[in-house]
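Participant: Shown below is the structure under consideration.
2 protein chains.
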Amino acid sequence: MTASPISDLNPVFMAAGCKLTLMDKDTSREVQMDDSFFTGYRKTVVRPQEILVSVHIPYSKKFQFVSAFKQSPRREDDISIVTTAMSVTFAPGTEVVEDIRLSYGGMAPTTVLAKKTANKLLGRQWGEELLQEACLSLAEEMTLDPSAPGGMVTYRRTLTLSLFYKFFLTVLQKLRLQGVGTQEVSSDCVSATEVYQPETPSGIQIYQAVPEGQSQDDVVGRPMMHLSALKQATGEAVYCDDIPLYENELYLVLITSTKAHARILSVDVSAAKRCPGVVCCLFADDVPGSNITGVKQDETVFADGQVSCVGHIIGAVVADTQVHAQRAAKAVKIQYEELQPIVTIQEAIAARSFYEPIRTLQSGDLEAGFKQAQHTLEGEIHIGGQEHFYLETYVTLAVPRGEDGEMELFVSTQSPSDSQCIVAQALGVPANRVLVRVKRMGGGFGGKESRTTALSTVVAVAANKLKRPVRCMLDRDEDMLITGGRHPFYGKYKVGFLNSGKVVALDVSLYSNAGNSTDLSLAIMERALFHMENSYSIPNIRGQGFMCRTNLPSNTAFRGFGGPQGMMVAESWITDVAHSLGRSAEEVRRLNLYVEGEPTPYNQVLHGVTLDRCWDECLSRSGYEQRRAAVDLHNRQNRWTKRGLSVVPTKFGISFTATFLNQAGALVHIYKDGSVLMTHGGTEMGQGLHTKMVQVASRVLGIPSSKIHISETSTNTVANTSPTAASASSDLNGAAVCNACEILLKRLEPFKTKNPRGSWEDWVKAAYFERVNLSANGFFKTPDLGYSFDTNSGRAFNYFSYGVACSEVEIDCLTGAHKNLKTTIVMDVGLSLNPAIDIGQVEGGFMQGLGLFTLEELHYSPQGVLLTRGPGSYKIPAFGDIPKQLTVSLLRDAPNDKAIFASKAVGEPPLFLASSIFYAIKDAIMAARAESGITGPFRLDSPASAERIRIACSDRFTKLCPPAEPGTFRPWSVQV
Amino acid sequence: MTASPISDLNPVFMAAGCKLTLMDKDTSREVQMDDSFFTGYRKTVVRPQEILVSVHIPYSKKFQFVSAFKQSPRREDDISIVTTAMSVTFAPGTEVVEDIRLSYGGMAPTTVLAKKTANKLLGRQWGEELLQEACLSLAEEMTLDPSAPGGMVTYRRTLTLSLFYKFFLTVLQKLRLQGVGTQEVSSDCVSATEVYQPETPSGIQIYQAVPEGQSQDDVVGRPMMHLSALKQATGEAVYCDDIPLYENELYLVLITSTKAHARILSVDVSAAKRCPGVVCCLFADDVPGSNITGVKQDETVFADGQVSCVGHIIGAVVADTQVHAQRAAKAVKIQYEELQPIVTIQEAIAARSFYEPIRTLQSGDLEAGFKQAQHTLEGEIHIGGQEHFYLETYVTLAVPRGEDGEMELFVSTQSPSDSQCIVAQALGVPANRVLVRVKRMGGGFGGKESRTTALSTVVAVAANKLKRPVRCMLDRDEDMLITGGRHPFYGKYKVGFLNSGKVVALDVSLYSNAGNSTDLSLAIMERALFHMENSYSIPNIRGQGFMCRTNLPSNTAFRGFGGPQGMMVAESWITDVAHSLGRSAEEVRRLNLYVEGEPTPYNQVLHGVTLDRCWDECLSRSGYEQRRAAVDLHNRQNRWTKRGLSVVPTKFGISFTATFLNQAGALVHIYKDGSVLMTHGGTEMGQGLHTKMVQVASRVLGIPSSKIHISETSTNTVANTSPTAASASSDLNGAAVCNACEILLKRLEPFKTKNPRGSWEDWVKAAYFERVNLSANGFFKTPDLGYSFDTNSGRAFNYFSYGVACSEVEIDCLTGAHKNLKTTIVMDVGLSLNPAIDIGQVEGGFMQGLGLFTLEELHYSPQGVLLTRGPGSYKIPAFGDIPKQLTVSLLRDAPNDKAIFASKAVGEPPLFLASSIFYAIKDAIMAARAESGITGPFRLDSPASAERIRIACSDRFTKLCPPAEPGTFRPWSVQV
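Protein sequence lines, in the order shown, are assigned to chains D and Z. As numbered in the UniProt record's numbering, residues 1 to 976 make up the first sequence, in order. As numbered in the UniProt record's numbering, residues 1 to 976 make up the second sequence, in order.
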């Protein structure tokens, strides 16, 4: 009996008037589950020695109606924000309330009954007057302190009314069905009474077949199954922590800061050292090499006197088991002198707490642009961060090799070479002593690009000190606490446009919450600026980027790498432009789309633009026009559910913006038996890179893919690799693999010529016996790159990936819940290397974006403490969030002359298309607001959570629950 | 109280008349340690409940003389062949024997007293007559069954006499010292009474300094310390079995045949499976891939119905620990139907049991040659095999990687690629699923070239079946039992020569004992044939090579690879030629030496011959002429110790005779921090290959060697590697490393040019940021190779390594013991890459050859059971076997234009120079035989063991102990 105040069942029991039979060893008693049952937070009248024997649930009576409602951030597998159960009993044959019980969860430390309101309603007729009375009374009775745990205070209060209204309508309907009611529920309100039924989503995947006549052995362009798919489905795939334990292996647990900003006054490990199994504790003094670390060398392996975020690594405990190490880590006592933290972007702006440099990207004549504009408007949007939520958390197994300072590390990382270098630096050895091996990751998404070294260095230092293997895999809560995620962004813009909707001037300021170190924040901000115009040609433009230095764990790369945030701001102002002109957003978007040959703000002239083709195909595949009409019809016919429709384009620049990273290597061996072992600079994180690389090698060598194997990525086979990031890994490594295979093929040519009817194995054997080198090291660097911010010249990207999505949603205006009805995506991936994998990336990227823009919320306390530390409180998309109809079409006949076999990058570009859901929601909200007579642009921050949707759908109920005056209270969580 | 019959002390106690005080809980008693004390093999009168309290050793009396003698195969740390203690007491002031006790060990199942002989000597005068009487009596009393355990029956019998003679002389001397004796020990016999005192050997190492002006960073040519030397000296160096255990790891123990040739009737594992800790038993049916294996695919992973040697692998037991697995393996019951085995070469010849093909190498006109000859002689020699006795026995750790049939193996092997392929074949997976890693071996010597797969396949099959890591490191006895060694050879020759000693015709047949599979026997026989003329130009020559198929474990590669055996036969006939002509062997050798431009029997014209230079330097450094005079003087002055002197040249062909193996690869990475990780196809087995390769890379890259690291050899970094064998690994891999480094250097050139004052790190960093490929795959194949036996044309070798050694020894004619007095070696290693390592190789190779030719004996029973299974019974050279003065000089100014940096191979060539010890012994024996009036050629088989030396020094004592008629008894061991 947890007696959780957000229990789903307790309100039902309470409203239904259940009785509980309790028993102890002597006696038995019966108690009513009414408002006296819960005596405090997670406390009840049940005595410790009593057990619950039975629950008596009374049958409902003829004139009794019972309903229960639950509102949670996500529909599936989630705990409530507010839950309610309501029971009303009428005097027989009348609409007069004889008894009513309104029970709420999530509105107090216990499940409560709205007794005052119920009393007021007794004897009243079930009608509009009663509704008004009830709402007024509930708004008064069901209050919450503005600082209440869980936050969302206004929303929760609103829900008490909104859900009562749903009950009101439901009862009205039922009364009428019983032939008692006199009032009819008007048809436009019926949908508010409908109960949500999950539907099985269906998908359509459209791709181009390979040309007729392509050899069966040539799998390029075919939807070959991901090489690990079956293993991953069966659980046989081996991840880092699946490596068998060494007998003398130890487990490490981190000691982290509980303060966002503080001086460390003292660390007391005496109790920890007494814990069973503890081998040692490690702190900054134990680092044999440099304690300075990080991408920009502005971090430490272990905190040095001061902490700058909650989760800041202060030390580590090494013990025989994880449980022992965790117990000991908890026993470490740290005294702090707390300093004022900066947590939010707004606090950082106020304090001008920025990392250098402040980037500006400008082209055209801004002043002239605004002068030319017939309208200007200003706006802003905040885009929340995102937790990577890779299934596999950070993990490192460090195995000292026993001599010369050699260490072998198994790391779940996107950057084996960086891990190697940074670990070597911490150990004080040259890089050639450190071997990093990566078989696969259970997801990376950018979260394992630069930040994994925070753990790997610590584990390596421990293994080096103890001369024993040391392992650490973070628990989910540790991982979420310690590692940063996607940068929250705040965008402020001023936009000038013509009556037509053509945007002629844009001035935008982007602020990112970088956290407590620089990490990759500059490159992320740069990519945000490179994408600030999304797919729109803006002649006069200026973007400025500010990286806020805050006391959060350093935020880092995340699929899209600032691009989605930059584009999200763009979609905000283009929507505002449409709204302010009263035009459809699609019309304005289409009007502003880039066309072939136009320059970007960074002076890269666009070639091979397929935006128009994607747009047109998307509109036609989605049946946009008919849907728009259907949506409008729905919205005219329904007051409390609204549908929205949105078409959003995306243009994603492909290349690392750090030019030197656009290189890749490969090492291909043909063994004597003809089997091929290949490795390249890229890592497999589920995205199918290895599958694609096998396809590339298979085509170049002209052999079935079954003869080719990739075992892992390692720093002793391919050196100085760039992170597997920036969507460029197939391009870069594919070209390097191709290079290596071509070298080998050329060496084999004489043997093929001599024995044209021979098999691959014959040629290989002959070449081996002729002493031909059957190993080749391949290499590739992307040509013609080198953008400079100083001169705003030079090519920033090798090419662009384009896509367009059209989404339709339906919102429940009373609860803020929404349904993703239909999404149609048209994506230009060039000539797909593997349509199965590419469509998987499109779908996966889209769903991750959907989480970003509609669902996922990291809650931080005003003191910078992360409150959402696991799947219980942090909700990524579930099955029910998949659009009921999801169509992904890969654009036909769109070869890309800039990448391997005319393909295009696909990892990040589709993610932003999920904003079509966000803007469809915004479209639906606009319709809801129109019912309250509110028109024109309005701010909607991301994610478009149920709370935000509900609040934005301003109506009579929300008006009864005004928010508390900001600054008059300390909120539970802040928008960082 | 082991009561060992070859106890060193018991004869002394017995001869001295010791008394033992024994005690049990009730009583105490005193027993005399006389001939009634030992009641049987390892049995005494001591009762089980008794303990030994004290040993009473009586003081010797004034006219009592006690001596003890021990003869063992090796002087240090060895058990006796025969041991004796003798005590004689004279009537005061006389030479009349009052009491005499002659106690012998090694002549019966117990320590015995020669009571009959002693009785006969009582009351007799200590003089020549007594000696004759004693010898006759001892020869009668101290008999041994010709089948007696331990063998060496004639030798042991002879020793009873010879040692008595030593005692006789010693007592004579002492009597005289006491003023009693009338007879004097003649001066030529004094040395027979001298007691051996170990002396500390001293060595001189001479090499050429690097040219003046060579950069300090350029370590090529300098005596740089072996990179692992300190670690190996301290025990910190990590070998395969030092890899920490995995928690779920299992241990494997082999089930092997106890029969040399048999059908397996049944295998009963029921008892084994009941043993604690047993996980499973494995047999042929458990091999998922092919059970057929081996270099020539004529072997099985597990025996299939039949066994063909003792130690043949039938199955394996896997358990949690080694002890448990061993216990279970012993509990496996196997029933055999025994078949007649073929054990020896002579048996194989009789049965014409040969492997195909029988190789013939012929040049000139044999018939004409013999016609031209003024003399012909025939002879024969048997050269015993040799156990590799690497310090580290066979070991494999197989770790299944959990998917795709991947397996990672840590193996102590010279052939990672062959291990990979053969394991893959057994597992039924392509080679690309198997990764073999070799950090270093604790010695290889050829024993880990092809045979290690016998263990690796079994361990891999077990790991694959159980999906758990499995390890096996053979115990020494298992290793000696299961793995073959150097091929025993039997050579038969007919040689035609002129009066001058010039050999004009040679017909030689070589028979090798190949064992139960082909393995590398053909290549070994070919190399024996390629070296059948050693360094001598023989115009008309024919060699035939027969590989005997026997029921011994397959013999295999061993440093020299047949070359030493071929050359040993040559030195036998050249010695015979000299003996038959009465000329000095050195004169005949010098006369026949190859000179520049002469062709070999395989039609390879010799260029850059340095034999003459080595010869002359060796003679001058050793002071040959003076020593010859001193030896002659010694021999004239000493009847029972003789000195011998010999100068032996060697010429060793460098290349794998299998042309395709003359290839090598390397992979060199320069990491961003400037550190270099290098790997190449060669393995480190203590020979210093990695050190040399680092030197090569250091010179080519122009950086200090400290920046370069080699971690290991692995099949995923360099593919299709040839075994580290044939002395060619520095040549081949050095060239491949050079190739890779030159590629890298060229890529760095622009950055050096641009920033000539920059550091290596500057250039590397600049190149990295410019996206220059800092990895290179190097390759090398030796040009212009390709000998064909069919046409007797094509170059067999890339070049030859030459050397000459002069050795002086002293033999004890009575015991057969010998002392290595002085050896001077001049070796042509071209321009040494590393004189410290090269001299180490010369010294090590020489000492291993010394073991081969003078010490090491594998004893097999007539049924093919190996009797010598450990260091207790198999004696490799000890400190005392090092020549007291050992000088190694590397020939100056001898650049070799055929290999890296003008160096030459050094691994195998020096080994044969140890035959100079053998032929010095033979020289000394000749002097001894001359004392008995025997002259002319005589057969001396290798090794020149104490037994063989003693028997060859035919004298009055040996005549008293004639060998039993062959065929009339079953010997303990046979010459295989």
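Ideal placement from N, C-alpha and C gives every residue a C-beta, glycine not left out. Keep in mind the model is a prediction, meaning the values are calculated, not measured.
Below 7 Å CB to CB, which residues in the same chain sit around residue 462 of chain D once its five sequence neighbours on both sides are set aside?
Facilitator: Stepping through the first sequence from its first residue, residue 462 of chain D is reached at position 462. Within the same chain, residue 462 of chain D has close Cβ partners 252, 282, 316, 318, 470.
Participant: So residue 468 of chain Z packs on residue 677 of chain Z, CB below 8 Å; how close in whole Å?
Facilitator: By one-based count along the second sequence, residue 468 of chain Z stands at place 468. By one-based count along the second sequence, residue 677 of chain Z stands at place 677. No, residue 468 of chain Z and residue 677 of chain Z are not in contact; Cβ-Cβ is about 31 Å, not under 8 Å.
Participant: Interface residues of chain Z around residue 244 of chain D at Cβ under 7 Å?
Facilitator: What you label residue 244 of chain D is simply residue 244 of the first sequence in a count that begins at 1. In chain order: 246, 247, 248, 469.
Participant: Apply the 10 Å Cβ neighbour rule to residue 59 of chain Z and answer buried if 16 or more other Cβ atoms are within range, or exposed otherwise.
Facilitator: Translated into positions along the second sequence, residue 59 of chain Z becomes position 59. When all chains shown are included, residue 59 of chain Z counts as exposed.
Participant: Count Cβ pairs between the segment 349 to 367 of chain D and the segment 501 to 519 of chain D that sit closer than 8 Å; are there 3 or more?
Facilitator: With a cut-off of 8 Å, the segment 501 to 519 of chain D and the segment 349 to 367 of chain D count as touching, because enough Cβ pairs lie within range.
Participant: With 8 Å as the C-beta to C-beta threshold (strictly closer), list the residues of the segment 690 to 712 of chain Z near chain D in chain order.
Facilitator: The segment 690 to 712 of chain Z vs chain D, Cβ under 8 Å: 707, 708, 709, 711.
Participant: Shorter than 8 Å from the beta carbon of residue 296 of chain D to some beta carbon of chain Z?
Facilitator: In the first sequence, residue 296 of chain D corresponds to position 296, counting from 1. With 8 Å as the cut-off, residue 296 of chain D does not count as an interface residue toward chain Z.
Participant: Residue 437 of chain D versus chain Z: which residues are under 9 Å apart at the beta carbon?
Facilitator: Against the first sequence, residue 437 of chain D aligns to sequence position 437. Those do not exist, as residue 437 of chain D stays about 10 Å from chain Z at its closest Cβ, beyond 9 Å.
Participant: Are residue 422 of chain Z and residue 453 of chain Z touching if we call contact CB-CB under 8 Å?
Facilitator: Numbered from 1 along the second sequence, position 422 holds the residue referred to as residue 422 of chain Z. Numbered from 1 along the second sequence, position 453 holds the residue referred to as residue 453 of chain Z. It is a contact, given that the beta carbons lie within the stated cut-off.
Participant: For residue 108 of chain Z, I'd like the list of residues in its chain whose CB is within less than 7 Å of its CB, leaving aside the five on either flank, ordered along the chain.
Facilitator: Residue numbering aside, residue 108 of chain Z sits at position 108 when the second sequence is read from its first letter. For residue 108 of chain Z, where only same-chain residues beyond five positions count, the Cβ hits under 7 Å are 5.
Participant: Spell out the partners DSSP gives residue 282 of chain Z in its beta bridges.
Facilitator: As a position in the second sequence, residue 282 of chain Z is number 282, starting the count at 1. Residue 282 of chain Z is bridged to Z:316.
Participant: Taking Cβ-Cβ distances below 8 Å as the criterion, which residues of the segment 764 to 775 of chain D are in contact with chain Z?
Facilitator: Of all residues in the segment 764 to 775 of chain D, 768, 769, 770, 771, 773, 774, 775 have a Cβ within less than 8 Å of some Cβ in chain Z.
Participant: Just to confirm my understanding: we take residue 238 of chain Z, look at its own chain, exclude 5 residues before and 5 after, and list those with CB closer than 7 Å. What are they?
Facilitator: Residue 238 of chain Z sits at position 238 when you count from the first residue of the second sequence. Contacts found: 439.
Participant: So, does the CB of residue 675 of chain D fall closer than 8 Å to a CB anywhere in chain Z?
Facilitator: Counting from one through the first sequence, the residue named residue 675 of chain D turns up at place 675. Closer than 8 Å: yes.
Participant: Does DSSP put residue 718 of chain Z in a helix, a strand or coil?
Facilitator: Taking the first residue of the second sequence as 1, we reach residue 718 of chain Z at position 718. Three-state result, residue 718 of chain Z: coil.
Participant: Would you give the residue range spanned by the alpha helix (DSSP H) that residue 121 of chain D belongs to?
Facilitator: Looking up residue 121 of chain D in the first sequence gives position 121. Its alpha helix (DSSP H) spans residues 115 to 121.
Participant: In angstroms, rounded to a whole number, what distance separates the CA positions of residue 193 of chain Z and residue 142 of chain Z?
Facilitator: Translated into the one-based positions of the second sequence, residue 193 of chain Z becomes position 193. Translated into the one-based positions of the second sequence, residue 142 of chain Z becomes position 142. In a straight line, the C-alpha of residue 193 of chain Z is about 22 Å away from that of residue 142 of chain Z.
Participant: Looking at the unbroken beta strand (DSSP E) that takes in residue 639 of chain Z, where does it start and where does it end?
Facilitator: What you label residue 639 of chain Z is simply residue 639 of the second sequence in a count that begins at 1. Taken as a continuous stretch (DSSP letters only), residue 639 of chain Z belongs to no beta strand (DSSP E), as it is neither H nor E.
Participant: How many angstroms separate the CA atom of residue 328 of chain Z from the CA atom of residue 272 of chain Z?
Facilitator: As a first step, residue 328 of chain Z is located in the second sequence; it is residue number 328 there, counting from the start. As a first step, residue 272 of chain Z is located in the second sequence; it is residue number 272 there, counting from the start. Distance between the alpha carbons of residue 328 of chain Z and residue 272 of chain Z is about 4 Å.
Participant: Is the CB-CB distance between residue 647 of chain D and residue 624 of chain D below 8 Å?
Facilitator: Within the first sequence, numbered from 1, the residue matching residue 647 of chain D stands at position 647. Within the first sequence, numbered from 1, the residue matching residue 624 of chain D stands at position 624. The answer is yes: Cβ separation under 8 Å.
Participant: Is residue 514 of chain Z close to chain D, meaning its C-beta is less than 8 Å from at least one C-beta of that chain?
Facilitator: Here residue 514 of chain Z corresponds to residue number 514 of the second sequence, with the count starting at 1. Residue 514 of chain Z does not count as touching chain D.
Participant: One question on the structure: do residue 257 of chain D and residue 203 of chain D come within less than 8 Å of each other, judged by their Cβ atoms?
Facilitator: Position 257 of the first sequence, counted from the first residue, corresponds to residue 257 of chain D. Position 203 of the first sequence, counted from the first residue, corresponds to residue 203 of chain D. For residue 257 of chain D and residue 203 of chain D, no; Cβs fall outside 8 Å.
Participant: Please confirm whether residue 864 of chain Z and residue 551 of chain Z have their CB atoms less than 8 Å apart.
Facilitator: As a first step, residue 864 of chain Z must be located in the second sequence, where it is residue number 864. As a first step, residue 551 of chain Z must be located in the second sequence, where it is residue number 551. In this structure, residue 551 of chain Z lies closer than 8 Å to residue 864 of chain Z by Cβ.
Participant: Round the Cβ separation of residue 926 of chain Z and residue 877 of chain Z to the nearest angstrom and send it over; I've been treating them as touching at under 8 Å.
Facilitator: For the purposes of this step, residue 926 of chain Z is taken as the residue at position 926 of the second sequence. For the purposes of this step, residue 877 of chain Z is taken as the residue at position 877 of the second sequence. With 8 Å as the limit, residue 926 of chain Z and residue 877 of chain Z do not qualify as a contact, their Cβ atoms being about 24 Å apart.
Participant: By the criterion of Cβ-Cβ separation under 7 Å, what are the contact partners of residue 663 of chain D in chain Z?
Facilitator: Indexing the first sequence from 1 puts residue 663 of chain D at position 663. Near residue 663 of chain D (Cβ distances below 7 Å), the residues of chain Z are 771.
Participant: For the candidate residues D:605, D:21, D:41, whose alpha-carbon lies nearest to that of residue 33 of chain D?
Facilitator: As a first step, residue 33 of chain D must be located in the first sequence, where it is residue number 33. Of D:605, D:21, D:41, the residue nearest in Cα terms is D:21.
Participant: Pick out whichever of D:259, D:813, D:391, D:675 has its Cα sitting closest to the Cα of residue 955 of chain D.
Facilitator: Working through the first sequence from its first residue, we reach residue 955 of chain D at position 955. Ranking the options by Cα distance to residue 955 of chain D, first place goes to D:813.
Participant: Which residue comes first and which comes last in the beta strand (DSSP E) that contains residue 362 of chain D?
Facilitator: Here residue 362 of chain D is taken as the residue at index 362 of the first sequence, counted from 1. Element bounds for residue 362 of chain D: 354 to 363.
Participant: Are the segment 369 to 380 of chain Z and the segment 400 to 412 of chain Z touching, with three or more C-beta to C-beta distances below 8 Å?
Facilitator: Counting Cβ pairs under 8 Å, fewer than three are found: no touch.
Participant: Relative to the alpha-carbon of residue 274 of chain Z, which residue among Z:331, Z:104, Z:398 has its alpha-carbon at the smallest distance?
Facilitator: Mapped onto the second sequence, residue 274 of chain Z falls at position 274. Nearest C-alpha to residue 274 of chain Z: Z:331.
Participant: In the structure shown, what three-state DSSP assignment does residue 135 of chain D receive?
Facilitator: What you label residue 135 of chain D is simply residue 135 of the first sequence in a count that begins at 1. Three-state result, residue 135 of chain D: helix.
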